[in-house]
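Colleague: My questions all concern the structure below.
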Amino acid sequence: MAQKQAQHSATLVHQPALADGQWDIRHVILVKGARVHNLKNITVAFPRNRFIVVTGVSGSGKSSLTIDTLYAEGQRRYAESLSAYARQFLMRMDKPDVDMIKGICPAIAIEQKVMARTPRSTVGSLTELYDYLRMLFARIGKTYSPVSGKEVKRYQVSDVVDFVLQLPAQTRIVIAVPLRIRKGYTQSQELHILLQKGFSRLYVVDGNHREILRIEDLLDQKWPKGNVFVLIDRLVVDASLQEEDARHRLADSIQTAFYEAEGECWIEVNQQQWHSFSNRFEMDGIRFEEPVPQLFSYNSPYGACPVCEGFGQVLGIDPDLVIPDKQLSVYEGAIACWRGEKMKEWNEALIRNAHKFNFPIHKPIAELTPEQYELLWKGNKYFAGIEDFFKMVEENLYKIQYRVLLSRYRGLTTCPACHGTRLRKEALYVKIQGRHIAELMAMPVEELAVWFDELTLAPAEQQIAARLLHEIRYRLSTLLKVGLGYLTLDRPANTLSGGESQRIQLTRSLGSNLTDSLYILDEPSIGLHPRDTHQLIEVLKELRDLHNTVIVVEHDEQMMREADYIIDMGPLASHQGGEVVFAGTYDEILNDSKSLTGAYLSGRMRIPGGGPGRPRKWTQSIRLEGCREHNLKQIDVEFPLNVLCVVSGVSGSGKSTLVTQILYPALKKLKGDPVGKPGWHKALKGDLQAVTQIELVDQQPIGKSSRSNPITYIKAYDSIRSLFASQPLSKIRGYQPRHFSFNVDGGRCDRCKGEGEITIEMQFLADVHLTCEVCHGRRFKEEILEVHYRGKNIHDVLNMSVDEALEFFADEPDIVRQLKPLQQVGLGYIKLGQPASTLSGGEAQRVKLASFLGHSHAQEHILFIFDEPTTGLHFHDIAFLLQSFDALIEQGHSIIVIEHNLDVIRRADWVIELGPEGGERGGELIFAGTPEALKQVEGSYTARFL
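Rendered as structure tokens:
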């Protein structure tokens, strides 16, 4: 106990007293004795209603302190306030290993997790903007007939009464309904029924001739010529109609008409003009759907397009496969399915007859007018189009060659019924100020914000929509502030970069506008260009000014400079970290001798720049031509090989689109390992044979099971298991390498199945994790643990750090060779058997990198594509990362990095910058060359910060 208290006081030394000189619990959130993961029984205070940055090297315990301690306790306390029944449906959170947390408020965490990747998720659904739009259209949207363009209204009795009362004085009106002879009835029977209902007269209209006939007189007479109506009432519009009795009579007559004609009422004005009113929701012979929120939801069977079921795409004939190169003309064989001996007759028929309808067979497909392009597909009387060709193919599918032919040109195409809007056509008849919901979803956020600002509504509509409009405008303005004004709300979530995903998550949380809450953000500046980070800081300050405590786990220098308070974890990572090295203001950390962060911020330490021979020269390259996916403006980009090539530019300029959606899938497809359809580009050229393999190292975690760990991922555990299986005792007992695995039965503990602990589900309480009483947490059977190598059993080895293991296995070159890369990428501190689920984002990415460094690829030339590898990395870790990049390049590989980090850009051999802005104003190639040359480019934002 005394030792614990000594540690508390030692940790508090680093933390200056707050402004009032006391640990006043009204002004701080106090965490006492935190021991989650690698935290060393620390005590730390977070000032309330402040903007706080928690920093430190990767793996130093930042997320353990903020997410796993503060947020977990905030969530757990909220859950404890609910009923036992409700708690069983929540994600149950363990009670963090901490002595005490005082002054905590409701907690919201925005973590570094990849968001929904389902094809149904869009920017609109993730930000909840689509839900507000659906409600807005259901409440104030007006339905318009696609035939006449007139507004469709369901008329009530009061609407028709108002129509009559506003007619000029002395107007003569007739209220009637058409006489319909129902099936199975004669005219005489129908007239008898009308008499029984109390009607006595018919109104006959034949051209300009009008006649009123008594029903009784017609029973035995010949049926009159012209249109026959049942006469309900006749009256003259005058002052007497304003009296209550007269209005009641008028309303009663109209109600009778609606009832008798099953929803219709006809009024003739001055024996000249008929007006039809319907209390059914229909017009021009079309029955329309009532606008309800479900009608506008593509995730509901009621609102989704029946053909594509709300996906916006169907499996059909892919135009990009039929005409792969749009720079070719029809004469040059642009239509791929019309090449070859047998099928070329279709092409020749078009070429022979083109002069008859003036079709330009020598013009590239890309330059055809929309009408000419459509003609190519539809055909005319002179030639059969591409659609007719595929109809013929489908009729012959009993022949295998036609089945093969059809499969070659099938792919995901825009749904022909909804044209990619995902909604049934009835939903698009509902409009607000001439725009339907799909048009608003297709607008960039910056345009949509302007449209909503200029929206003018009638007073009644304004009252209905006021709350919805406030929420929509607030969320749109937040999207603009976090630099996402270039996105459209219908953009699928699985096409977003990691940084865009997290800022969308941020928008959703900020939209709730809470006060007196605790916001914990895990690296919100991921994917942000330094230019955009400033806007994000303003948003976070706004959040603080609403009396919230904003805690940001971050390494960005701009963020630290603007923070009210900085907590630096360290001094190093894993078991060498978990302590509070510094707590105070930005100015104080610059002069702190113990803080590694302070040393880099003050310039006492620097990430080493390029050495001799930099930038590297290159002779081979890969060239993408005519890229125009999303916002790319038909650009040609050359990627050099055998060097470090960085793709930079402001958020939304098209970096991820160019590299991960065009280059990566196109190269994988070329190598016969397709990973999805490449984005639109004209051609892929260059030294393609020089690359033997393509690897995308992204921000996905390396494993979620508790049995997945770094040494199984880099395949080093196989060698360690073989080493233990080769020991004398193993040979005597007949143990194989599999006996030393905790993934298969044999050597692992049968009670806990190699987990080391037993999990007991507590239904509405957090699960209880008990150390296995059979193996005591050592994961293996007792007899397996009797096998030793140099005095250590398999459990002891798994508990070693990488640095310790390299020393221990010094005589085993295979194991040393496999483990060495983990040390090279700066992960010497992690335990060999550490569960992969406890690694931070930066650590997971470096484990992937180490797995490539550790394998000898002597005959291979791998092209590595890294998506923001500095995610989660401290200045100190970036130095290790750059060393690893150098090691890969020296092995003969090539690296392309999507990155905003200025230290990485400075060390690059070649920089490709896209811009100048995001969204529609981006997608252009601003610069390609060395970092030195980039500094001279005037239109580049990166150049300003370099």
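The sequence shown begins at 1 in UniProt numbering and counts up by one. Note that beta-carbon positions come from the ideal geometry of N, C-alpha and C, so glycine has one too.
1) Assuming Phe46 contacts Val28 under a Cβ cut-off of 8 Å, what Cβ separation, rounded to an integer in Å, is found between them?
2) Under the three-state reduction of DSSP, which class applies to Met343: helix, strand or coil?
3) Under three-state DSSP, which class holds Tyr85?
4) So the beta strand (DSSP E) Pro178 belongs to, where does it begin and stop?
5) Within a Cβ cutoff of 7 Å, which residues of the same chain sit near Ser64, ignoring the five residues on either side of it in sequence?
6) Between the C-alpha atoms of Pro524 and Leu479, what's the straight-line distance to the nearest angstrom?
7) Quick check on Asn208: buried or exposed, where buried means 16 or more other Cβ atoms within 10 Å of its Cβ?
8) If you draw a straight line from the alpha carbon of Gly420 to that of Phe311, how long is it in whole angstroms?
9) Using 8 Å as the Cβ pair cut-off and three pairs as the minimum, do the region 862-878 and the region 897-906 touch?
10) Can at least three beta-carbon pairs, one atom from the region 630-648 and one from the region 909-926, be found at a separation below 8 Å?
11) When DSSP builds the beta bridges, which residues end up paired with Tyr144?
12) Would you kindly report the start and end of the unbroken alpha helix (DSSP H) that includes Lys32?
13) Could you tell me which residues DSSP puts in a beta bridge with residue 958?
14) Please state the DSSP three-state secondary structure of Pro931.
15) Using a Cβ-Cβ cutoff of less than 7 Å, which residues in the same chain neighbour Gln3 once the five nearest sequence positions on both sides are dropped?
16) Please classify Gly198: is it buried, with 16 or more other beta-carbons within 10 angstroms of its beta-carbon, or exposed?
17) Considering only heavy atoms of the ligand PLP, does any lie closer than 7 Å to the CB of Gln620?
18) Could you compute how far the alpha carbon of Lys222 sits from the alpha carbon of Val236?
19) Is it buried or exposed, Gly923, if we count other Cβ atoms within 10 angstroms and call 16 or more buried?
20) Could you tell me the distance, in whole angstroms, from the CA atom of Lys363 to the CA atom of His630?
21) If we ignore side chains and look at the alpha-carbon of each, how far apart do Tyr717 and Ile711 end up?
22) Between Lys669 and chain B, is any beta-carbon pair separated by less than 8 Å?
23) Who are the Cβ neighbours of Ser300 in its own chain at under 6 Å, not counting the five residues just before and after it?
24) Are there 16 or more other CB atoms within 10 angstroms of the CB of Thr942, so buried, or fewer, so exposed?
25) How would you label Met392, buried or exposed, when you count the other beta carbons within 10 angstroms and need 16 or more for buried?
26) Name the two residues that bound the continuous beta strand (DSSP E) containing Ser276.
27) Using a threshold of 8 Å, state whether the C-beta atoms of Gln661 and Gly679 are closer than that.
28) Can you grab the Cα-Cα spacing for the pair Leu596 / Val646, in whole Å?
29) Between which two residues does the alpha helix (DSSP H) carrying Tyr302 extend?
30) Ordered along the chain, which non-local residues of its own chain (more than five positions away) have a Cβ less than 8 Å from that of Met559?
31) Give every residue of the same chain whose Cβ lies closer than 7 Å to the Cβ of Lys431, excluding the five residues on either side of it in the sequence, and list them in chain order.
32) For Val445 versus Leu484, is the C-beta spacing smaller than 8 Å?
33) Alpha helix (DSSP H) containing Pro319: first to last residue?
34) Suppose only complete runs of 4+ residues qualify. What are the alpha helix (DSSP H) ranges in the region 447-514, listed by chain order?
35) Taking Asp750 as the reference, which of Glu773, Lys731, Ser501 and Gln736 has the closest Cα?
36) What span of residues does the alpha helix (DSSP H) with Met441 cover, start to end?
Modeller: In short, the structure shows the following:
1) 6 Å
2) coil
3) helix
4) Arg172 to Pro178
5) The answer, listed in chain order, is Val36, His37, Asn38 and Leu39.
6) 13 Å
7) exposed
8) 8 Å
9) Counting Cβ pairs under 8 Å, three or more are found: they touch.
10) yes
11) Glu151
12) Lys32 -> not in any alpha helix (DSSP H); beta strand (DSSP E) instead, spanning Val28 to Ala34.
13) It is not possible to answer for residue 958, since the shown part of the chain is limited to 1 through 946.
14) Assigned with DSSP and collapsed to three states, Pro931 falls in helix.
15) For Gln3, the pLDDT reaches just 45, beneath the cut-off of 50, and the residue's location in the model is therefore unreliable, leaving the point undetermined.
16) exposed
17) As far as ligands go, the structure on display features none, and thus does not contain the ligand PLP.
18) 32 Å
19) buried
20) 25 Å
21) 5 Å
22) Annotation note: the requested chain B is absent from the structure, which comprises a single protein chain.
23) Gln294
24) buried
25) exposed
26) Run containing Ser276: Gln273 to Ser278, per the beta strand (DSSP E) assignment.
27) yes
28) 27 Å
29) Taken as a continuous stretch (DSSP letters only), Tyr302 belongs to no alpha helix (DSSP H), as it is neither H nor E.
30) Val53, Ser525, Thr533, Ile537 and Val552
31) Gly141, Lys142 and Tyr144
32) Yes. Within cutoff.
33) Pro319 to Val322
34) 459-481 and 498-510
35) If you compare the alpha carbons of Glu773, Lys731, Ser501 and Gln736 with that of Asp750, the shortest gap goes to Glu773.
36) Start and end: Ile437 to Met441.
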